[in-house]
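Protein chains in written order, with this note's numbering: chain A, 168 to 855; chain B, 168 to 855. Ideal Cβ placement from N, Cα and C applies to all residues, glycine included.
Number of protein chains: 2
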Amino acid sequence: MLDFALTADGRPTYSLTCDGKDAILPSTLGFELVKAEPLLAGFRIDGVENAEEDETWQPVWGENSEIRNHYNELLVHLSQPATERKMDIRFRVYDDGAGFRYEFPIQDKLVYFVVKEERSQFAMPGDCLAWWIAGDYDTQEYEYTESRLSEIRHLIAGAVDSNLSQTVFSPTGVQTSIQLKADNGLYINLHEAALVDYSCMHLNLDDQNMVFESWLTPDAQGNKGHLQCPVKSPWRAIIVSDDARDMLASNLILNLNDPCAYDDVSWIKPVKYVGVWWEMIGGGKQWSYTFDLPSVKLDQLDYSKTKPHGQHSANTENVKRYIDFAAEHGFDQVLVEGWNIGWEDWSGNEKDYVFDFLTPYPDFDLPGLNAYAHSKGVRLMMHHETSASVRNYERHMEQAYQLMDKYGYNSVKSGYVGNIIPRGEHHYGQYMVNHYLYAVTEAAKHHIMVNGHEAVRPTGLCRTYPNLIGNESARGTEYESFVGNTPGHTTVLPFTRLQGGPMDYTPGIFEMDMTKVNPNRTSGHVNSTLARQLALYVTMYSPLQMAADIPDHYEQFMDAFQFIKDVPVDWQESRYLEAEPGRYITVARKDKNGEGWYVGCTAAEQGHESALALDFLDPNRQYVATVYSDAADAHYYDNPQAYKIQKGLVDNKTKLALKAAPGGGYAISIVPVADQAEAKALKKLKLK
Amino acid sequence: MLDFALTADGRPTYSLTCDGKDAILPSTLGFELVKAEPLLAGFRIDGVENAEEDETWQPVWGENSEIRNHYNELLVHLSQPATERKMDIRFRVYDDGAGFRYEFPIQDKLVYFVVKEERSQFAMPGDCLAWWIAGDYDTQEYEYTESRLSEIRHLIAGAVDSNLSQTVFSPTGVQTSIQLKADNGLYINLHEAALVDYSCMHLNLDDQNMVFESWLTPDAQGNKGHLQCPVKSPWRAIIVSDDARDMLASNLILNLNDPCAYDDVSWIKPVKYVGVWWEMIGGGKQWSYTFDLPSVKLDQLDYSKTKPHGQHSANTENVKRYIDFAAEHGFDQVLVEGWNIGWEDWSGNEKDYVFDFLTPYPDFDLPGLNAYAHSKGVRLMMHHETSASVRNYERHMEQAYQLMDKYGYNSVKSGYVGNIIPRGEHHYGQYMVNHYLYAVTEAAKHHIMVNGHEAVRPTGLCRTYPNLIGNESARGTEYESFVGNTPGHTTVLPFTRLQGGPMDYTPGIFEMDMTKVNPNRTSGHVNSTLARQLALYVTMYSPLQMAADIPDHYEQFMDAFQFIKDVPVDWQESRYLEAEPGRYITVARKDKNGEGWYVGCTAAEQGHESALALDFLDPNRQYVATVYSDAADAHYYDNPQAYKIQKGLVDNKTKLALKAAPGGGYAISIVPVADQAEAKALKKLKLK
């Protein structure tokens with residue numbers, strides 16, 4: 168239940184309860200403006216409007232083929248008589264939470280205004296447990312910390328890794344989505360929805376009173392938003408339930424976004440891919456072509472005069488191997504990073520003209536490789552690292568997309584590593600928020616799908632712009648190579664980062680010892696069992712899934728690799744069976760294009776035991792289940808590759824007792840029995 | 168003569184003399200860097216190289232059809248042993264001055280660096296007289312002040328008018344080009360040449376020692392340049408002579424620029440034009456279409472639901488009148504401002520998506536008007552006001568140029584009114600310097616000529632990129648409508664602003680009383696005689712010349728208007744006959760495409776008397792001279808429209824005594840006698 172009121176001095180306040188328990192205590196709303204009176208107090212209510220919506224819509228891709236959008240709406244018309252300005256606040260209350268946004272109608276006394284700070288409060292019911300990362304204007308690539316709110320101030324220094332671009336702003340600043348658990352038993356999640364042409368919101372905690380307040384990302388001049396009436400803020404979203412599984416099953420963020428903006432979406436397809444990537448991330452191979460060029464000027468380059476270092480992965484022969492592998496195993500695409508000139512000198516220098524997105528290295532046969540891939544039913548995936556030089560990217564964007572059209576690319580992985588040019592702008596400011604969506608809508612004109620890395624965290628915009636098929640915007644698998652992720656990391660991400668949209672987490676690493684990937688390394692370990700790597704394809708929902716390891720490693724474990732080949736990337740229905748943030752997640756999903764079900768479970772350091780009832784199966788069918796699970800002695804660090812595969816018949820009465828090792832997990836494919844012969848050849852599944 | 172040396176502590180210094188007189192006293196050179204040791208002292212000379220050049224080149228358009236580039240060069244290779252960094256300084260010494268630039272070769276210990284400040288000194292020979300405008304990161308639209316250097320500090324507050332975007336930075340900061348006159352009789356001019364991907368240089372005066380030092384324009388973070396080796400600074404240019412006419416005749420700035428970068432220049436043509444402009448600037452007409460829209464969002468606009476205010480000048484009927492007028496009187500083009508949607512709400516709000524450069528107002532028939540113009544041998548001139556929203560302009564630029572291609576525009580007037588977006592950047596910073604040239608080189612791909620207003624001051628780049636046919640970058644005729652220019656303004660501009668390239672000054676105003684232009688006005692006066700308005704077509708060299716007044720006013724003075732119709736916009740030869748900054752300028756120019764000569768003289772408040780010898784004429788020809796001069800009682804304020812026209816035969820022995828009124832001038836056309844009949848019909852010219 169949501170309550171709205173004005174205080175005695177005319178401040179808008181709201182509070183939220185769930186089944187009689189406090190979720191958000193009375194919290195004030197409003198804005199501080201630059202060179203103008205604040206919009207905080209002195210309001211009166213000019214009127215209210217109530218509405219109800221109950222509709223069902225079909226996403227282009229998703230965890231479910233149908234989504235119900237059911238809410239009660241309260242629109243409060245406020246005015247501030249002293250300044251003759253109007254501000255509306257629209258609330259929507261769902262079964263699993265609520266959202267609100269500010270709406271400024273067209274009016275005489277407020278046309279253009281500059282936001283000094285949004286002052287939206289979220290007063291928490293006490294010193295909650297929280298899974299948080301440090302607030303930062305430029306990166307989200309941090310590990311989550313589980314702590315009481317009161318502990319954030321003491322833990323934040325240790326929660327911040329170094330990054331090529333980072334700007335921590337407050338000792339109690341955190342990012343959204345943040346997952347909380349109150350002592351009254353409520354799980355509470357705070358995020359935003361439909362972030363369009365507005366600065367990304369962080370939360371700053373008053374840790375005396377346990378009140379979060381919005382803290383927007385500033386521009387180069389320190390201002391936090393340039394708005395023109397009529398204008399709406401993004402939605403501020405609160406997901407609430409006493410069951411952690413509801414956090415994961417919630418569609419509240421998607422529902423708060425606008426319907427699809429495109430008439431034709433037939434060109435948007437989920438993608439399973441491999442790529443020329445992990446061998447550079449962890450294996451010592453290079454994006455670059457030569458070591459001869461300490462300073463590259465693209466318009467003065469002549470690679471024919473340089474000595475190739477021989478470590479350039481994006482060469483024609485190597486890419487052909489990946490294409491062959493993709494074709495053989497049914498992957499849609501092959502990502503190739505390092506295909507274009509400029510990588511000798513791309514990062515850390517705030518370089519303006521860093522890439523042209525057009526010119527391949529001399530050893531990368533752009534037309535030939537695309538033709539070769541297409542002849543095998545595979546596409547190459549484009550890569551646009553911008554090095555955060557955004558003007559340069561926009562200058563080349565149309566031509567770059569045209570190049571993709573010409574050679575038959577239909578998806579691009581983009582990257583924004585380093586400090587933003589225009590200088591002084593931040594990754595999450597209004598200027599860049601505008602850019603990321605521009606890249607997506609311009610891509611749509613070319614029927615291109617976008618997977619933006621180092622971009623602003625998603626806020627459900629994939630509903631409106633479903634060619635935004637992925638984002639990084641969190642700490643992905645690459646960090647397993649850099650410094651390792653904690654075993655619990657992927658049991659937090661679905662509660663937090665994934666609230667806004669899919670993540671290109673790039674799972675599927677089979678070789679955990681990085682010194683075996685690159686003999687020149689002396690350390691490096693992927694903190695996961697192999698079985699858990701399979702489970703991630705189910706637990707980390709995305710229409711874009713990479714098998715990130717190198718083909719050599721898959722060829723050593725083809726029985727386990729079978730699950731990656733089999734698992735769909737689009738779903739008819741998803742059921743969260745077990746969940747606790749930072750501990751474990753178990754989910755079952757039904758193939759959107761078939762009758763098969765796929766189950767994934769990931770566990771943190773503590774491991775996890777599941778007692779699964781397969782009552783979600785069709786009672787009129789018999790199924791073949793293949794269980795990929797940790798061996799009894801498996802352990803994410805000491806024995807990560809110990810797995811077992813068990814196969815047998817199941818039906819909707821079947822109950823399975825399963826165990827995930829520390830940092831482990833399991834994956835199950837459950838497909839209808841094809842014919843009587845198959846049924847006879849198999850026994851009822853009995854797990855050992 | 169130029170001397171170079173290192174001081175005892177290894178500081179590079181230079182000095183310059185002219186015929187034994189000091190022009191620049193010993194001055195140090197170098198850089199302060201961000202987060203790196205300075206490049207100021209501790210240098211040693213690793214070697215020097217001498218060279219000489221004497222070539223003649225042909226500009227695509229210009230004051231002369233051939234330009235001699237004759238210099239001695241000294242290249243000094245410096246290194247700083249303590250940091251193992253190298254810095255070269257290249258000097259070029261001409262008969263009329265010198266230039267130097269910094270060159271950083273490719274090297275190990277200096278690849279990327281950030282400039283905190285360039286420290287190039289110009290130590291003046293005493294407390295010179297100077298014609299200066301206040302240093303400003305965002306505007307040059309100031310009146311010149313004539314004062315001693317020591318007086319700048321006391322006069323600067325009064326020298327700064329308000330502007331929609333302005334950032335004065337120092338009480339002794341001035342802009343280049345600055346014209347100086349030393350007590351030793353030398354005229355000295357300081358400017359820069361070939362400003363490419365570098366911040367525009369101002370000069371800050373140490374007025375205890377009369378030493379100017381470079382003061383670059385900062386970026387949004389306060390840094391002054393992001394450089395990558397190998398890299399060269401722009402040239403720092405010093406023009407010196409004891410004859411003021413040599414300041415105007417100098418080609419030093421052009422010579423310091425690179426040769427033309429385009430293979431094909433056949434599409435670049437000088438342009439004489441009229442335009443839908445002055446009626447809005449001064450006449451109360453509107454760029455906008457309606458008063459109904461206090462807040463325009465281009466993607467939500469529907470003009471059909473608004474009430475036109477009826478004052479929109481860029482309407483089909485009115486533009487046709489201008490096309491007819493242009494065709495009748497032999498003009499090449501018709502500028503139309505206010506043709507595109509968005510002008511209701513374009514300025515002062517730092518609005519991002521302010522124009523699309525594509526969509527005409529409902530009353531502007533874009534295809535029809537272009538077809539009508541072409542049928543009469545006239546083109547429309549495109550107008551791109553960016554409102555300084557530079558990202559938005561770059562996003563639309565290619566489509567905007569394509570629109571021009573489609574309808575047959577071949578020139579564009581662009582504008583940058585207001586504060587720059589990206590926010591915190593300045594009009595004259597490296598980011599924008601890069602942009603202005605990008606707009607020019609992208610235009611060249613479409614065979615489009617560019618006339619940029621509110622852009623950085625030109626530095627001779629028109630030699631390299633001759634489709635940059637004009638710039639504003641100073642206080643133009645529009646200020647005559649706003650608050651008036653001083654009568655001496657146009658006797659300073661050729662010494663200062665025009666050193667870098669032509670100005671779209673938009674002369675030709677015949678009605679000086681602005682209350683007659685717009686009856687709703689109560690004040691406003693153009694501080695010039697009518698005859699001087701004619702002279703400006705000769706004294707203010709430009710390949711792009713507007714007849715800026717409205718057709719109605721020209722139709723009242725068709726005899727005087729004849730000079731504007733006759734005067735060429737491209738020249739074979741130019742001879743500066745008389746000159747003193749802030750007092751008078753008299754120049755004779757020969758038509759590039761004919762045998763005629765055209766003389767112009769402009770005078771300041773004091774008026775001017777000339778005794779002209781027409782010895783530049785071909786001794787074997789007889790000519791018809793038409794003299795357009797101030798009447799005896801003419802005065803820029805009290806009696807500006809009093810002019811007389813006298814016609815007669817002249818030859819190269821003729822001497823003419825001419826008089827310019829206060830704020831007046833004269834214009835003469837001198838064309839070969841066509842035939843004997845004409846010669847008989849005329850008498851020898853005798854001026855009254």
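If I'm right that residue 450(A) touches residue 685(A) with Cβ under 8 Å, what's the distance once you round it to whole angstroms? 5 Å
Determine the DSSP secondary structure at residue 783(A), reduced to helix, strand or coil. coil
Exposed or buried, what is residue 434(A) when buried is set at 16 or more other beta-carbons lying within 10 Å of its beta-carbon? exposed
Quick test of your reading: residue 438(A) and residue 578(A), contact by CB under 8 Å. State the CB separation rounded to the nearest angstrom. 6 Å
Which residues, taken in chain order from the region 257 to 276 of chain B, show a beta carbon closer than 8 Å to some beta carbon of chain A? 273, 275
At 9 Å on the CB atoms, spell out the chain A contacts of residue 516(B), in chain order. 278, 279, 393, 395
At the level of alpha carbons, what is the spacing between residue 217(B) and residue 244(B)? Their Cα atoms are separated by approximately 11 Å.
Taking Cβ-Cβ distances below 8 Å as the criterion, which residues of the region 445 to 471 of chain B are in contact with chain A? 461, 462, 464
Can you pull the chain A neighbours of residue 591(B), defined as C-beta to C-beta under 7 Å? Contact of residue 591(B) with chain A by beta-carbon distance below 7 Å involves 387, 388, 591.
Work out the CA separation of residue 252(A) and residue 111(A) for me, nearest whole Å. As shown, chain A starts at 168 and ends at 855. That puts residue 111(A) outside it, with no answer to give.
Taking only beta-carbon atoms, is residue 252(A) less than 8 Å away from chain B? no
State the CB to CB distance for the pair residue 740(A) and residue 231(A), rounded to an integer number of angstroms; the pair is presumed to be in contact (CB under 8 Å). 6 Å
Which one or two residues does DSSP pair with residue 713(A) in a beta bridge? 440(A)
Going by Cα to Cα distance, which pick from 199(B), 356(B), 202(B), 337(B) is closest to residue 661(B)? 356(B)
Answer yes or no: do residue 667(B) and residue 344(B) have a C-beta to C-beta separation smaller than 8 Å? In this structure, residue 344(B) lies closer than 8 Å to residue 667(B) by Cβ.
Please name the residue, chosen from 559(B), 443(B), 215(B), 629(B), that lies closest to residue 454(B) on a Cα-to-Cα basis. 443(B)
Strictly below 7 Å CB to CB, what residues from chain A border residue 598(B)? 589
Express the C-alpha separation of residue 200(A) and residue 249(A) in angstroms, rounding to a whole number. 15 Å
Evaluate residue 515(B) with the Cβ neighbour count: other Cβ atoms within 10 Å of its Cβ, from every protein chain shown; 16 or more gives buried, anything less gives exposed. exposed
Pick from 790(A), 617(A), 337(A): whose alpha carbon is nearest that of residue 851(A)? 790(A)
Spell out the partners DSSP gives residue 483(A) in its beta bridges. Its beta-bridge partners do not exist; DSSP assigns none.
In this structure, how does DSSP classify residue 845(B) when only helix, strand and coil are distinguished? helix
Tell me, which residues are paired with residue 289(A) by DSSP? For residue 289(A), DSSP records a beta bridge to 379(A).
When every heavy atom of the ligand MG is checked, does at least one fall within less than 7 Å of the C-beta of residue 275(A)? As for the ligand MG, it is missing from this structure, which has no ligand bound.
Check whether the Cβ atoms of residue 148(A) and residue 751(A) lie closer than 8 Å to each other. What the structure shows of chain A is the stretch from 168 to 855, and residue 148(A) is not part of that stretch, so it cannot be assessed.
At 8 Å on the CB atoms, spell out the chain B contacts of residue 565(A), in chain order. What residue 565(A) touches in chain B: 565.
Which residue's Cα is closest to the Cα of residue 570(B): 420(B), 599(B), 608(B), 527(B)? It is 527(B).
Measuring CA to CA, which of 724(A), 715(A), 714(A), 652(A) is closest to residue 691(A)? 652(A)
Between residue 359(A) and chain B, is there a C-beta pair that is closer than 8 Å? no
Go ahead and pull the three-state DSSP assignment for residue 358(B). strand
What would DSSP say about residue 208(A), mapped onto helix, strand or coil? The answer is coil: DSSP assigns residue 208(A) none of H, G, I, E or B.
For the alpha helix (DSSP H) that residue 534(B) lies in, which residues bound it at each end? 533 to 542
Which residues bound the alpha helix (DSSP H) around residue 741(B)? Here residue 741(B) belongs to no alpha helix (DSSP H); instead the beta strand (DSSP E) covers 738 to 747.
Taking residue 291(A) as the reference, which of 422(A), 738(A), 489(A), 182(A) has the closest Cα? 182(A)
Determine, using beta carbons only, whether residue 552(B) comes closer than 8 Å to chain A. no
Which residue's Cα is closest to the Cα of residue 473(B): 460(B), 174(B), 534(B), 467(B)? 460(B)
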